[in-house]
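**Q**
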Amino acid sequence: MNREIKLVLFFLLSAYLFILFLYYTTKGMEKLELTANEIETPRKFKMYNTNGTLPYSRNGKIIMSGTMTLNSYQGIISLVSLRAKKDLILEAVFNAKITKISDNPENEFAIFVSNDIVNWKKEEFGVVIRLINETKLKYYVQSPQLADFFVEFDGGSIKEKNYVKIKYTNSRIKVFLDGKLVRELDFVDIWNEKFYLVVSLKNLDGSDFVGNFFEIEKVILKNFEEYDILRFTLVLFLIIVIVPVIVFSLFFRVIMIGILKTKLKMLERKKALLEDAYFKRRIDKELFSKEMFKVQEEIKKINDELAKLS
């Protein structure tokens with residue numbers, strides 16, 4: 004087999020392994036990202052307001068502004084869902100400018116994920132700011148399978164720029180504020196459940212919230228971690244480099260063994276022909292000895308090479 008055919012087979016096999024590994028490794032990896040671009044040109048999200056203005060974009064951020072309208076449900080909801088796998092991660096970067104408050108804790112700003120966007124009675128987790136006297140950042144989990152259906156925790160004061168990450172992994176929730184792990188708690192199994200991303204601002208009693216602004220830089224929902232991608236890239240590199248080398252080496256070894264065995268058969272035949280010619284006195288003893296020595300030396304070399312490849 005000539006060198007060109009070997010190279011073609013090598014690259015075809017490498018490409019096949021690459022595509023196969025890429026497909027099975029990235030299968031199921033999904034990501035939803037909400038930014039100001041999505042507000043300007045909606046594709047995967049829908050904006051709504053039951054009684055007032057819609058969210059809008061300004062200076063590269065999503066703006067949701069307070070009103071004094073009764074029963075105002077302003078928000079953004081994803082039109083597509085994302086399946087929870089081993090991981091389900093909610094990340095949000097936002098700022099809250101709150102100058103007016105009320106006595107009703109149900110007046111709130113929230114960023115969360117839910118697998119029930121009709122009755123809101125199933126699994127959820129997210130971050131919430133209640134527009135009451137103590138305007139603090141809070142995070143919560145919800146599920147009818149929990150002992151307490153709804154559990155809320157204090158996340159501290161609202162900062163100039165708030166970075167929240169809530170990560171579900173194997174029936175546990177980890178909460179990160181500004182990159183630091185602040186709480187870890189048991190949750191329920193949500194494997195393969197479909198979740199939607201929601202951003203919501205509520206004014207249920209007509210309180211005056213004019214002047215309050217919530218600026219959202221980005222919100223991300225995904226079912227994988229970036230370091231999983233780095234790990235995948237490393238493994239992919241090994242697959243692309245190491246496996247083809249091993250496969251090519253094995254392939255080359257098999258081909259070489261085949262070639263050497265073919266040569267060995269030819270030499271054995273040549274040896275038999277020499278012996279036949281000598282016994283029939285077609286060649287003299289000196290020529291016979293000389294040619295037989297050459298054949299035996301070549302046979303010995305081939306057998307040594309076969310021993311190394313075996």
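Just so we're aligned, residue 4 is where the sequence shown starts under our numbering, counting upward by one. All C-beta atoms in this analysis are idealised placements derived from N, C-alpha and C, irrespective of residue type, glycine included. Quick caveat, the model's predicted, so the values are computed rather than measured.
With H, G and I counted as helix, E and B as strand and the rest as coil, what does DSSP make of Lys177?
**A** strand
**Q** List the whole-angstrom C-beta distance separating Ile92 from Phe48, where the pair is believed to meet the contact cut-off of C-beta under 8 Å.
**A** Actually they do not touch by this definition, with Cβ atoms about 18 Å apart.
**Q** For Lys177, decide whether its Cβ has a neighbour in chain D, counting only Cβ atoms nearer than 8 Å.
**A** Structure shown: chain D not included; a single protein chain is present.
**Q** If you draw a straight line from the alpha carbon of Lys304 to that of Glu33, how long is it in whole angstroms?
**A** Rounded to the nearest angstrom, the two C-alpha atoms are 58 Å apart.
**Q** Which residue's Cα is closest to the Cα of Glu137: Glu220, Gly209, Lys103 and Pro58?
**A** Lys103
**Q** Under the assumption that Phe97 contacts Val116 (Cβ atoms under 8 Å), give the Cβ distance between them as a whole number of angstroms.
**A** So it is not a contact: roughly 15 Å between Cβ atoms.
**Q** For Asn122 and Pro147, what's the separation of their Cα atoms in angstroms?
**A** Cα to Cα, the separation comes out at about 12 Å.
**Q** So, helix, strand or coil for Leu129, using DSSP?
**A** The residue asked about is misnamed: residue 129 is Gly in this sequence, not Leu. Looking at Gly129 - three-state DSSP - the assignment turns out to be strand.
**Q** Measuring CB atoms only, is the segment 203-214 touching the segment 160-173, in the sense that at least three cross pairs come out at less than 8 Å?
**A** no
**Q** Can we say the segment 59-78 touches the segment 255-267, given the rule of at least three CB pairs closer than 8 Å?
**A** With the cut-off at 8 Å, the segment 59-78 and the segment 255-267 do not touch.
**Q** Going by C-alpha distance, which of Thr72, Leu57 and Ile65 is nearest Gly209?
**A** Thr72
**Q** Let's test the definition: count the other Cβ atoms within 10 Å of the Cβ of Met4 and tell me whether it reaches 16, buried, or not, exposed.
**A** Low local confidence applies: a pLDDT of 47 at Met4 is under 50, so the model's placement there is unreliable, and no value is given.
**Q** Would you mind working out which of Val298, Phe282, Glu220 and Ile260 sits nearest Ile65, comparing C-alpha positions?
**A** Measuring from the Cα of Ile65, the nearest candidate turns out to be Glu220.
**Q** State the start and end residues of the unbroken alpha helix (DSSP H) segment that holds Phe296.
**A** Note, Phe296: alpha helix (DSSP H), Lys288 to Leu312.
**Q** Among the candidates Ser75, Ile193 and Ile302, whose CA atom is the shortest distance from the CA of Asp90?
**A** Ile193
**Q** Using alpha carbons as the reference points, say which of Val130, Pro108, Ile249 and Ser203 lies closest to Gln77.
**A** Ser203
**Q** Got a sec? Which residues, its chain only, sit under 6 Å from Phe179 by beta carbon, not counting five neighbours each side?
**A** Lys168
**Q** Return the Cβ separation of Leu3 and Val298 in integer angstroms, given the expectation that the two are a contact with Cβ distance under 8 Å.
**A** Lying outside 4 to 313, the shown extent of the chain, residue 3 is not represented and no answer is given.
**Q** When DSSP builds the beta bridges, which residues end up paired with Ala113?
**A** Val131 and Ser203
**Q** Would you please state the rounded distance, in angstroms, between the beta carbons of Glu111 and Arg133? I believe it to be under 8 Å.
**A** 5 Å
**Q** So which of Lys183, Ile176, Gly182 and Lys197 has the shortest CA-CA distance to Asp189?
**A** If we check each option's Cα against that of Asp189, Ile176 comes out closest.
**Q** Leaving aside the five residues before and after Asn40 along the sequence, list all residues of the same chain whose C-beta is less than 7 Å from its C-beta, in chain order.
**A** So the list is empty, once near-sequence residues are dropped.
**Q** Cα separation between Gly158 and Glu187?
**A** Roughly 13 Å between the two C-alpha positions.
**Q** Of the residues Leu37, Thr44, Leu85 and Ser68, which one's Cα is nearest the Cα of Lys225?
**A** Leu85
**Q** Between the beta-carbon of Tyr143 and the beta-carbon of Glu126, is there less than 8 Å?
**A** no
**Q** Take Lys273 and list the residues in its own chain whose beta-carbon comes closer than 6 Å to its own, dropping the five residues that flank it on each side.
**A** Excluding residues within five positions, the ones whose Cβ falls inside 6 Å are Val298.
**Q** When you compare the CB positions of Thr56 and Ser68, do they come within less than 8 Å of one another, or not?
**A** yes
**Q** DSSP beta-bridge partners for Arg61?
**A** Lys64
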